[in-house]
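Student: Have a look at the structure that comes next, please.
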Amino acid sequence: MRAIIVSKDVAVLDLSFNQFSGSIPAGMGNCSALRVLKAGHNHLSGLLPDELFNATSLEYLSFPNNGLQGLLDGAQIMKLRNLVNLDLGGNRLNGKIPESIGQLKRLEGLHLNNNNMFGDLPSALSNCTNIITIDLEGNNFSGGLHKVNFFNLLNLKALDLLYNNFTGTIPESIYSCSNLMALRLSSNNLHGQLSPRIRNLKSLVFLSLGANNFTNITNTLQILKNCRNLTSLLIGSSYKGEAMPEDDTIDGFRNLRVLSITDCSLSGKIPLWLSKLKNLEMLFLNRNQLSGPIPAWIKNLTSLFLLDLASNNLTGELPTALMEMPMLRTEKTASHLDPRVFELPIYLAHSFQYRIDTTFKKTLDLGHNNLTGVIPQEIVQLKSLEKLNLSFNSLSGEIPQQLSKLTNLQVLDLSSNHLTGAIPSALNNLHFLSEFNVSHNDLEGPIPNGGQLSTFPSSSFDGNPKLCGIMISKLCGLAEAPHVSVTSTEQTVKRVTFVIAFGAFFGIGVLYDQMVLSRYFG
Numbered sequence: 014m015r016a017i018i019v020s021k022d023v024a025v026l027d028l029s030f031n032q033f034s035g036s037i038p039a040g041m042g043n044c045s046a047l048r049v050l051k052a053g054h055n056h057l058s059g060l061l062p063d064e065l066f067n068a069t070s071l072e073y074l075s076f077p078n079n080g081l082q083g084l085l086d087g088a089q090i091m092k093l094r095n096l097v098n099l100d101l102g103g104n105r106l107n108g109k110i111p112e113s114i115g116q117l118k119r120l121e122g123l124h125l126n127n128n129n130m131f132g133d134l135p136s137a138l139s140n141c142t143n144i145i146t147i148d149l150e151g152n153n154f155s156g157g158l159h160k161v162n163f164f165n166l167l168n169l170k171a172l173d174l175l176y177n178n179f180t181g182t183i184p185e186s187i188y189s190c191s192n193l194m195a196l197r198l199s200s201n202n203l204h205g206q207l208s209p210r211i212r213n214l215k216s217l218v219f220l221s222l223g224a225n226n227f228t229n230i231t232n233t234l235q236i237l238k239n240c241r242n243l244t245s246l247l248i249g250s251s252y253k254g255e256a257m258p259e260d261d262t263i264d265g266f267r268n269l270r271v272l273s274i275t276d277c278s279l280s281g282k283i284p285l286w287l288s289k290l291k292n293l294e295m296l297f298l299n300r301n302q303l304s305g306p307i308p309a310w311i312k313n314l315t316s317l318f319l320l321d322l323a324s325n326n327l328t329g330e331l332p333t334a335l336m337e338m339p340m341l342r343t344e345k346t347a348s349h350l351d352p353r354v355f356e357l358p359i360y361l362a363h364s365f366q367y368r369i370d371t372t373f374k375k376t377l378d379l380g381h382n383n384l385t386g387v388i389p390q391e392i393v394q395l396k397s398l399e400k401l402n403l404s405f406n407s408l409s410g411e412i413p414q415q416l417s418k419l420t421n422l423q424v425l426d427l428s429s430n431h432l433t434g435a436i437p438s439a440l441n442n443l444h445f446l447s448e449f450n451v452s453h454n455d456l457e458g459p460i461p462n463g464g465q466l467s468t469f470p471s472s473s474f475d476g477n478p479k480l481c482g483i484m485i486s487k488l489c490g491l492a493e494a495p496h497v498s499v500t501s502t503e504q505t506v507k508r509v510t511f512v513i514a515f516g517a518f519f520g521i522g523v524l525y526d527q528m529v530l531s532r533y534f535g
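And the structure:
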């Protein structure tokens with residue numbers, strides 16, 4: 014960044030979201046009236062200059078998502094006694110958080126996420142009694158959490174320690190933070206059982222404990238049912254090899270909208286107590302060892318629009334109850350579910366961070382189970398379904414023509430089953446289909462060409478020796494592959510053109526897929 018001439022009387026300087034590069038220029042420290050300095054989302058590099066810390070009136074110092082390097086100098090940071098918000102997330106900082114951070118008595122927001130920092134948390138952090146948000150996600154911090162006296166941090170609303178190397182148990186002092194709304198301790202090396210004192214967190218709405226070494230999932234759920242305001246609960250990749258609780262007394266969670274108990278290798282059946290979660294919108298039970306049939310009561314979860322039961326040992330046929338799921342039959346959206354449900358800052362009244370919205374597809378994922386029977390004709394009722402995965406089961410029969418009526422489908426995976434017959438040419442009408450796979454079945458005949466199916470690679474059709482067509486470079490002899498009519502193609506072009514024009518006019522961007530959940534669920 015070239016030198017910037019800034020008047021000493023300037024109070025607010027916001028250079029965020031530009032293309033600035035190079036180091037932070039000299040002169041900022043001479044701005045005695047400067048209270049707010051933001052230059053996030055640029056290409057800045059180098060060290061934080063010592064001279065910058067001479068701007069002792071600074072209340073907000075924000076340089077997220079750049080390439081800044083070096084240490085957070087304790088002797089310099091303590092000069093900024095008026096600092097309210099420090100955001101240096103998404104850089105390349107290393108070293109420890111200095112003990113002098115405790116000198117910042119006015120500090121409300123500490124954002125050092127996604128750097129290369131390490132070491133224990135400083136005990137002096139306990140002196141920042143006005144702190145509201147602590148975001149240290151994505152570093153190499155280690156040691157126990159007991160070194161911070163959370164008894165003093167009564168204003169704390171969000172604590173994010175995702176993707177670090179913390180060890181030990183959750184300190185009891187955390188449960189004294191009565192204003193805590195969001196707690197994310199996922200992807201560390203914590204162990205032990207959850208304390209009953211967590212029920213003291215009456216304001217808690219978001220809890221993520223996954224990818225640790227916690228034990229006794231039954232005890233965990235029995236305790237957490239008392240957290241009446243909880244809307245998102247993510248506890249996957251822990252409780253390894255235990256049994257799925259079937260205790261009917263697990264009857265809390267009245268406000269729960271997102272539940273993830275993934276990758277725990279839990280045995281047992283899909284429990285009945287889940288049927289009581291009337292506000293549930295997303296349910297992830299994938300990567301366990303659950304057995305038995307898919308229960309019919311699933312249709313009674315009237316707000317459920319995303320069901321992921323993949324990679325279990327479920328048996329039986331596809332129940333017609335699945336075809337009666339209200340949110341998959343209607344164009345209605347789950348409007349009250351904030352699409353940033355996995356991002357902690359949404360739980361704060363005020364945030365100075367820039368965030369990217371995410372969206373979640375209406376999904377039915379039953380892949381990698383032992384389901385049998387045919388794909389029911391009633392599947393046509395799921396008019397708003399966007400993702401259907403039935404791969405790696407033992408389904409038989411033909412691909413239903415009715416699938417072509419699911420015009421919102423973006424993902425259709427029927428691979429690795431025992432499906433027979435021809436690929437319906439009407440599937441070419443699924444104009445929004447971006448992923449398609451029918452490989453490793455026993456399909457036969459020509460692959461319909463001239464439409465949407467022509468856009469997919471040959472691997473989408475592998476393992477079906479009786480198929481032929483130009484997509485797999487195998488001639489069909491005298492019989493030609495079904496072709497989409499010119500009229501149909503013209504209509505498709507007009508429709509796609511309208512969609513592109515509509516999106517360009519209203520500024521609709523591409524929203525990335527919900528499977529960033531591997532990040533959120535950690």
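Heads up: the sequence shown begins at 14 in my numbering, then just goes up one per residue. Heads up, the beta-carbon is just placed ideally off N, CA and C, and yes, glycines get one too.
For Tyr-73, does the three-state DSSP call read helix, strand or coil?
Tutor: One-based indexing of the sequence shown puts residue 73 at position 60. Looking at Tyr-73 - three-state DSSP - the assignment turns out to be strand.
Student: Is the beta carbon of Leu-120 sitting closer than 8 Å to the one on Asn-143?
Tutor: Translated into positions along the sequence shown, residue 120 becomes position 107. Translated into positions along the sequence shown, residue 143 becomes position 130. Yes.
Student: Count the other CB atoms, across all protein chains shown, that sit within 10 Å of the CB of Pro-478; report buried if there are 16 or more and exposed otherwise.
Tutor: For the purposes of this step, residue 478 is taken as the residue at position 465 of the sequence shown. So Pro-478 counts as exposed.
Student: Just to confirm my understanding: we take Gln-10, look at its own chain, exclude 5 residues before and 5 after, and list those with CB closer than 8 Å. What are they?
Tutor: For residue 10 there is no data in the structure shown, the boundaries of the chain being 14 and 535.
Student: What is the rounded straight-line gap between the Cα of Asp-22 and the Cα of Ser-45?
Tutor: On the sequence shown, residue 22 is found 9 positions in, with the first residue counted as 1. On the sequence shown, residue 45 is found 32 positions in, with the first residue counted as 1. Those two C-alpha atoms are separated by around 7 Å.
Student: Quick test of the definition: if touching needs 3 or more C-beta pairs under 8 Å, does the segment 419 to 429 touch the segment 459 to 471?
Tutor: Touching, no, given that fewer than three Cβ pairs across the two stretches are closer than 8 Å.
Student: Give the DSSP-derived three-state secondary structure of Arg-105 in the structure shown.
Tutor: Here residue 105 is taken as the residue at index 92 of the sequence shown, counted from 1. Looking at Arg-105 - three-state DSSP - the assignment turns out to be strand.
Student: Spell out a yes or no on whether the segment 436 to 443 and the segment 387 to 397 are touching, meaning 3 or more CB-CB pairs, one atom from each, closer than 8 Å.
Tutor: Verdict: no, contact absent.
Student: Are there 16 or more other CB atoms within 10 angstroms of the CB of Leu-488, so buried, or fewer, so exposed?
Tutor: Within the sequence shown, the letter at position 475 stands for residue 488. The residue in question, Leu-488, is exposed, as its Cβ has fewer than 16 Cβ neighbours within 10 Å.
Student: Is DSSP giving Met-340 helix, strand or coil here?
Tutor: Here the question's residue 340 lines up with position 327 in the sequence shown. Looking at Met-340 - three-state DSSP - the assignment turns out to be helix.
Student: Count the other CB atoms within 10 Å of the CB of His-381; is the residue buried (16 or more) or exposed (fewer)?
Tutor: On the sequence shown, residue 381 is found 368 positions in, with the first residue counted as 1. Buried, since its Cβ has 16 or more Cβ neighbours within 10 Å.
Student: Going by the C-beta, is Ser-471 closer than 7 Å to any heavy atom of the ligand SAH?
Tutor: For the structure depicted, the ligand SAH is absent and the ligand set is empty, with no information on it obtainable.
Student: Is it right to say Ala-39 is buried, meaning 16 or more other beta carbons lie within 10 angstroms of its own, or is it exposed?
Tutor: Locating residue 39 in the sequence shown gives position 26, counting from the first residue. It counts as exposed.
Student: Does the Cβ of Lys-118 have 16 or more other Cβ atoms within 10 Å, making it buried, or fewer, making it exposed?
Tutor: In the sequence shown, the residue the question calls residue 118 occupies position 105. It is exposed - the Cβ of Lys-118 has fewer than 16 other Cβ atoms within 10 Å.
Student: Leaving aside the five residues before and after Lys-109 along the sequence, list all residues of the same chain whose C-beta is less than 6 Å from its C-beta, in chain order.
Tutor: As a working mapping, residue 109 is identified with position 96 in the sequence shown. Contacts found: Gly-132.
Student: Going straight from the alpha carbon of Ser-189 to that of Asp-321, what length do you get?
Tutor: As a working note, residue 189 is residue 176 in the sequence shown. As a working note, residue 321 is residue 308 in the sequence shown. Distance between the alpha carbons of Ser-189 and Asp-321: 35 Å.
Student: Please identify the residue among Phe-163, Gly-157, Asn-128 and Ile-90 whose C-alpha is closest to the C-alpha of Ile-145.
Tutor: Taking the first residue of the sequence shown as 1, we reach residue 145 at position 132. Nearest C-alpha to Ile-145: Phe-163.
Student: On the three-state DSSP scale, how would you describe Asp-100?
Tutor: What you label residue 100 is simply residue 87 of the sequence shown in a count that begins at 1. DSSP places Asp-100 in strand when its eight states are reduced to three.
Student: On the three-state DSSP scale, how would you describe Asn-202?
Tutor: Numbered from 1 along the sequence shown, position 189 holds the residue referred to as residue 202. Three-state DSSP puts Asn-202 in a strand.
Student: Could you check what DSSP says for Asp-261 in three-state terms: helix, strand or coil?
Tutor: Locating residue 261 in the sequence shown gives position 248, counting from the first residue. Looking at Asp-261 - three-state DSSP - the assignment turns out to be coil, as it is neither helix nor strand.
Student: Pick out whichever of Phe-154, Asn-128, His-124 and Lys-160 has its Cα sitting closest to the Cα of Leu-138.
Tutor: For the purposes of this step, residue 138 is identified with residue 125 of the sequence shown, where counting begins at 1. The shortest Cα separation from Leu-138 among Phe-154, Asn-128, His-124 and Lys-160 belongs to Lys-160.
Student: According to the Cβ coordinates, are Asn-201 and Asn-229 closer than 8 Å?
Tutor: Translated into positions along the sequence shown, residue 201 becomes position 188. Translated into positions along the sequence shown, residue 229 becomes position 216. No, these two residues do not count as a Cβ contact at 8 Å.
Student: Would you say Leu-85 and Pro-62 are within 8 Å of each other, going by their C-beta atoms?
Tutor: Translated into the one-based positions of the sequence shown, residue 85 becomes position 72. Translated into the one-based positions of the sequence shown, residue 62 becomes position 49. The answer is no: Cβ separation not under 8 Å.
Student: Skipping 5 residues on each side, what residues in its chain have a beta carbon closer than 8 Å to that of Phe-227?
Tutor: Counted from its first residue, the sequence shown places residue 227 at position 214. Cβ neighbours of Phe-227 beyond the five flanking positions: Leu-203, His-204, Gly-205, Gln-206, Leu-207, Thr-233, Ile-248, Ser-251 and Tyr-252.
Student: Less than 8 Å between the beta carbons of Met-338 and Lys-312, yes or no?
Tutor: Mapped onto the sequence shown, residue 338 falls at position 325. Mapped onto the sequence shown, residue 312 falls at position 299. Yes, Cβ-Cβ distance for Met-338 and Lys-312 is below 8 Å.
Student: DSSP has Pro-459 in a bridge; who is on the other side?
Tutor: On the sequence shown, position 446 is the one that residue 459 refers to. Cys-481.
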